[in-house]
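My numbering numbers the first residue of the sequence shown as 17 and each following residue consecutively. Idealized CB from N, CA, C, for every residue including glycine. Following: one structure in structure tokens, then a few remarks.
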Amino acid sequence: MTLVKLFVYGTLRTPAGAKDSAEPDTRNHLRIANEIRSSEPALLHGAQLLSFIHYPGIVSGEATVTGELFELTEEGLEICDGIESHPDFFWRTEVSVQASISSEVTAWVYWAPDTMVDSGTPIASGDWFDRDRSVSDGRTLESALAEDRAKY
């Protein structure tokens, strides 16, 4: 079985509470949990984390994004491609990720479409779990993604 490395920073991350719970901010994790073989904290330098209220996205920038480095099956990556609508909405490239204090590895990551940059709100800490959770527009994650995919 071939395994791939994927840096995740938002709705694919392991829930901050119980690993088998479906918190609203990490609800997509359960869709790939069975495909993950290992996970560790990681950082992505040279990117800016943006909030689109229901989900995050990253763009090139001078900041650091907090996330996780997954080693998952190719089937898991295909599921993630579907969740992120790669390559039609978010797009995936390989980047260098800091997986521990001294270890840099190459991993896939999903980037927000350039056309969305102006509609996102920067998350200063670079961590999706630190965003302003009081902001709401009444949509669900699913409806927000469908509308944004059609718009951008």
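Alpha-carbon spacing of residue i relative to residue j, whole angstroms
i    : j    : result
W127 : R108 : 6 Å
D148 : R165 : 23 Å
S159 : T82  : 26 Å
S67  : E51  : 26 Å
T137 : G92  : 29 Å
P31  : D97  : 20 Å
W155 : L28  : Checking the sequence shown, residue 155 turns out to be Arg, not Trp. Distance between the alpha carbons of R155 and L28: 19 Å.
M17  : S141 : 36 Å
P206 : A79  : Residue 206 cannot be examined here, being either before or after the span of the chain that is shown, 17 to 168.
K21  : S116 : 14 Å
S118 : E110 : 19 Å
D36  : S112 : Confidence is the limiting factor: at D36 the pLDDT is only 45, short of 50, which leaves the residue's position unreliable, though a coordinate-based value still follows. Roughly 29 Å separates the two Cα atoms.
S101 : E120 : 27 Å
P103 : S135 : 20 Å
I74  : A49  : 22 Å
I99  : L65  : 18 Å
Q114 : D153 : 34 Å
A34  : D146 : With a pLDDT of 44 at A34, under the threshold of 50, the modelled position of this residue cannot be trusted; read the value that follows with caution. The straight-line gap from Cα to Cα measures roughly 18 Å.
Enclosing beta strand (DSSP E) for residue i [first to last residue]
i    : result
R53  : I52 to S67
G136 : It is not in any beta strand (DSSP E) - G136 carries neither H nor E in the DSSP assignment.
V24  : L19 to V24
Beta-carbon spacing of residue i, residue j below 9 Å
i    : j    : result
F106 : L60  : no
A63  : S76  : yes
A58  : L85  : yes
R47  : L88  : no
I69  : V151 : yes
W124 : P72  : no
L157 : R43  : yes
T131 : Y168 : yes
Counterpart residues of residue i in DSSP-defined beta bridges
i    : result
A123 : V111
P31  : DSSP, once it has assigned bridges, lists no residue as partnering P31.
E163 : Its beta-bridge partners do not exist; DSSP assigns none.
L157 : In DSSP, L157 forms no bridge with anything.
I74  : L65
Residue i - containing alpha helix (DSSP H), residue span
i   : result
G98 : E90 to E100
I48 : H45 to I48
Check: residue i C-beta below 8 Å from any heavy atom of the ligand PLP
i    : result
H102 : For the ligand PLP, the structure offers nothing, since it holds no ligand at all.
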